[in-house]
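Written out below as structure tokens is the structure these notes cover.
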Amino acid sequence: MRLRTSLVLLIGGAMIGAAGCGNDSKPEQPRVAVTVLTVRAAQESDSGAYTASFQPNRQVRVAFQVSGYVDSIAQVTGADGRARDLQGGDTVKEHELLATVADW
17 MRLRTSLVLL
27 IGGAMIGAAG
37 CGNDSKPEQP
47 RVAVTVLTVR
57 AAQESDSGAY
67 TASFQPNRQV
77 RVAFQVSGYV
87 DSIAQVTGAD
97 GRARDLQGGD
107 TVKEHELLAT
117 VADW
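84 is the number that our numbering gives to position 68 of the sequence shown; each next residue is one higher, with no gaps.
Okay, structure coming up:
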């Protein structure tokens, strides 16, 4: 009887072990190449901060022919794509309306 019980346990254990050896794993993910570098202090370089001054090709003074309050200022497209007031340094064309004045 002991031999029979041992045989049943041995066969049962083998069946359970075999059932657990199934291939339920997910497909292998593709490998990604990486570069590993050691962090260290940066070495001196020839680059640096530089400053410059730009001068316009031509500069003119403008004035209103009447006295009063500025009613509106011309709008231009800013770097972010939104409209903004004309300001110093913006390029303008000859005879372009820059601002309007409400006289007193």
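Ideal Cβ positions, reconstructed from N, Cα and C, are used throughout, including at glycine.
Helix, strand or coil at residue i [DSSP, three-state]
i, result
"A30", "helix"
"Q81", "coil"
"Q91", "strand"
"D119", "strand"
"V48", "coil"
"D101", "strand"
"V86", "strand"
Rounded separation between residue i and residue j - CA only
i, j, result
"E44", "A68", "56 Å"
"S83", "D119", "6 Å"
"R47", "R56", "28 Å"
"E112", "A65", "37 Å"
"V76", "V108", "11 Å"
"D101", "T93", "9 Å"
"A58", "A49", "25 Å"
"T51", "E60", "24 Å"
"A95", "G104", "15 Å"
Anticipated Cβ contact below 8 Å, residue i with residue j, distance rounded
i, j, result
"V86", "V117", "6 Å"
"L114", "A99", "Not a contact, Cβ separation roughly 15 Å."
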